[in-house]
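Okay, structure first, notes after.
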Amino acid sequence: MVQAVRGMRDVLPDAARRWRHVESVVQQVLRTFAYEEVHLPLLEFTELFARGVGEATDIVEKEMYTLADRDGDSLSLRPEGTASCVRVLQEHGLLYNQTQRVCYAGPMFRYEKPQKGRYRQFYQIGAEVFGFAGPDVDAELIQMGAQIWRALGLEQHLRLEINTLGDGNARKAYRDALVAYLTPLQAELDADSQRRLQTNPLRILDAKAAQTQALLKSAPQLPDFVDEHSAAHFARLRELLDGMQINYVCNPKLVRGLDYYTHTVFEWITEDLGAQGTVCAGGRYDGLVERLGGRPTPAVGFALGLDRLLLLHEAVCADNPGFAENAADVYICYANDALLSHGLELAARLRREKLRVRLHMGGGNFKKQLKRADACGAGWAVLLGEDEVNSGTLSLKNLTSGEQQQLDVEAGCGMLAAACAGST
Ligand code: HAM
23 MVQAVRGMRD
33 VLPDAARRWR
43 HVESVVQQVL
53 RTFAYEEVHL
63 PLLEFTELFA
73 RGVGEATDIV
83 EKEMYTLADR
93 DGDSLSLRPE
103 GTASCVRVLQ
113 EHGLLYNQTQ
123 RVCYAGPMFR
133 YEKPQKGRYR
143 QFYQIGAEVF
153 GFAGPDVDAE
163 LIQMGAQIWR
173 ALGLEQHLRL
183 EINTLGDGNA
193 RKAYRDALVA
203 YLTPLQAELD
213 ADSQRRLQTN
223 PLRILDAKAA
233 QTQALLKSAP
243 QLPDFVDEHS
253 AAHFARLREL
263 LDGMQINYVC
273 NPKLVRGLDY
283 YTHTVFEWIT
293 EDLGAQGTVC
303 AGGRYDGLVE
313 RLGGRPTPAV
323 GFALGLDRLL
333 LLHEAVCADN
343 PGFAENAADV
353 YICYANDALL
363 SHGLELAARL
373 RREKLRVRLH
383 MGGGNFKKQL
393 KRADACGAGW
403 AVLLGEDEVN
413 SGTLSLKNLT
423 SGEQQQLDVE
433 AGCGMLAAAC
443 AGST
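Quick note on numbering: our numbering labels position 128 of the sequence shown as 150, and the sequence is numbered without any gaps.
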């Protein structure tokens with residue numbers, strides 16, 4: 023038997039049910055913020071991510087699924103959505119003299135070491151806003167996150183961390199100062215940080231190794247390098263968050279793993295999932311549109327990791343009444359093959375009423391068919407025999423109480439629709 027590729031997740035019906043519930047709550051919140059949906063391709067030219075996410079990032083350096091197209095072009099499965107989103111809006115002329123608030127959802131691919139909450143194919147829902155330079159949008163995006171957690175009953179389980187990286191110059195000046203401080207101490211750093219000192223020094227701030235963290239205690243601090251404009255932007259953002267009573271922690275070591283960020287960065291983190299606790303992350307990337315060939319356009323966004331959000335939801339809401347556990351509302355049984363076309367017709371009619379209908383397959387007597395009805399968790403069975411068909415009636419069996427009644431077709435369909443309303 024061929025096995026799944028490592029790190030690619032199979033989502034089975036129970037998990038898919040929770041997935042649908044959680045994703046639809048997230049989408050509903052996005053809709054209330056009037057974000058418009060875009061669909062991004064899975065494959066892009068590798069260069070888009072090299073230029074957008076950054077050559078020296080872990081993602082581009084060692085985590086992309088890259089392949090040569092038949093004509094020799096280098097393509098990569100998207101490791102994230104922001105660079106694609108910029109390309110799409112730019113390519114279709116949607117960034118000129120206009121603002122955009124868009125969202126997207128779908129799988130992303132990174133060749134990371136799989137563990138709980140970290141997969142090689144994972145699912146993000148992202149929101150990106152273009153054309154607003156102020157902290158108002160940063161605040162709105164954070165408010166949106168808070169709203170999503172509240173709608174899912176998870177608000178007690180996520181903490182918000184924020185930071186500002188300053189403008190591009192501040193970031194560069196800090197990077198240089200950090201390299202100057204750490205270079206003489208290089209031999210004392212953990213192996214990963216030694217490598218990062220050459221490639222992506224800001225990521226050393228995230229290092230897990232205690233010896234590296236100890237060295238960082240006397241390192242230059244990012245807030246000392248942040249320009250005045252960025253500091254004011256950040257102060258106003260904090261004011262807006264205070265006004266909305268959204269709690270946060272300022273973490274000067276929060277730098278994010280992608281190169282495009284400037285000014286505000288933020289992460290929503292949970293303690294309930296172990297090491298992979300960042301459920302949602304984002305920030306401002308005012309230079310990215312220009313870096314990818316467009317006009318200077320301020321932008322900010324976030325992406326939430328649905329796989330992690332689902333793990334958290336499962337940990338917190340083991341049995342959430344908000345989503346149906348059964349596969350069908352109604353199970354249609356029929357006495358013999360000659361009645362199959364009546365069964366098909368009745369199923370179609372009930373589905374037009376938005377009911378979830380399973381039509382029995384594979385023959386057998388009513389007893390066997392009712393067993394199947396029970397097994398799929400349906401609340402009702404319809405028993406179609408010659409009598410019912412000839413008299414234009416339906417025999418309906420309530421599978422919870424065992425009660426049975428015979429109604430004419432119209433009334434029976436109406437009764438089922440009313441009884442199962444809201445289950446889908
Ligand atoms: P990111 O921090 O790389 O940012 O990913 C965002 C979220 O995706 C993470 O917080 C996490 O929940 C989830 N995630 C990332 N990698 C994995 C993985 N291997 N397995 C499971 N979940 C994962 C970005 O991707 C940016 N594009 C976010 C953004 C949008 N910034 C501005 N706009």
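Virtual Cβ for every residue (Gly too), placed ideally from N, Cα, C.
- Per the coordinates, the alpha-carbon of THR88 lies some 30 Å from the alpha-carbon of TRP290.
- LEU276 sits close to ASN185, with the two beta carbons spaced by under 8 Å.
- Residue TYR126 holds the alpha-carbon nearest to the alpha-carbon of SER106 among ASP95, ALA90, GLN50 and TYR126.
- In the structure shown, PHE154 adopts coil according to DSSP, grouped into three states.
- Less than 8 Å divides the Cβ of CYS398 from the Cβ of ALA349.
- One alpha carbon belongs to HIS251, the other to ARG260, and they sit about 14 Å apart.
- In terms of side-chain proximity, the C-beta atom of CYS302 is found nearer than 7 Å to a non-hydrogen atom of the ligand HAM.
- Comparing C-alpha distances from ARG306 to each of ALA213, ARG100, ASP329 and ASP281 shows the shortest one belongs to ASP281.
- Under the DSSP assignment, TYR196 falls in the alpha helix (DSSP H) whose first and last residues are 190-204.
- Residue pairing of ASP91 in beta bridges, as defined by DSSP: absent, with no partner found.
- When secondary structure is reduced to three states using DSSP, PRO129 falls in the strand class.
- Contact holds between the stretch 180-195 and the stretch 235-249, because three or more Cβ pairs, one in each stretch, are under 8 Å apart.
- Only residues of its own chain outside the window of five on either side were considered, and among them ARG371, LEU372 and GLU375 have a CB closer than 7 Å to the CB of CYS435, listed in chain order.
- For PRO223 and ARG181, the gap between their C-alpha atoms comes out near 26 Å.
- Annotation for TYR307 indicates a beta carbon within 7 Å of some heavy atom of the ligand HAM.
- The stretch 307-323 makes contact with the stretch 152-164; the number of CB pairs closer than 8 Å reaches 3 or more.
- Comparing alpha-carbon positions, the option among ARG258, PRO101 and GLN120 lying closest to ASP158 turns out to be ARG258.
- Within the same chain, Cβ atoms closer than 7 Å to the Cβ of ARG73 are found at ARG313 and LEU314, the five residues on either side in sequence being excluded.
- Around the beta carbon of HIS382, a 10 Å sphere encloses 16 or more other beta carbons of the protein chains shown; the residue is thus reported as buried.
- Exposed is the label assigned to THR54, since fewer than 16 other Cβ atoms lie within 10 Å of its Cβ.
- DSSP places ASN185 inside the beta strand (DSSP E), whose first and last residues are 181-186.
- Burial check for LEU238: the Cβ neighbour count within 10 Å reaches 16 or more, so the residue is buried.
- Counting of Cβ neighbours within 10 angstroms places CYS272 among the exposed residues, the total staying below 16.
- Here THR205 is exposed, its C-beta having fewer than 16 other C-beta atoms within 10 Å.
- By the Cβ neighbour-count rule, GLU59 is exposed, with fewer than 16 other Cβ atoms within 10 Å of its own.
- When Cβ pairs closer than 8 Å are counted between the two stretches, the stretch 108-116 is seen not to touch the stretch 76-88, the count staying below three.
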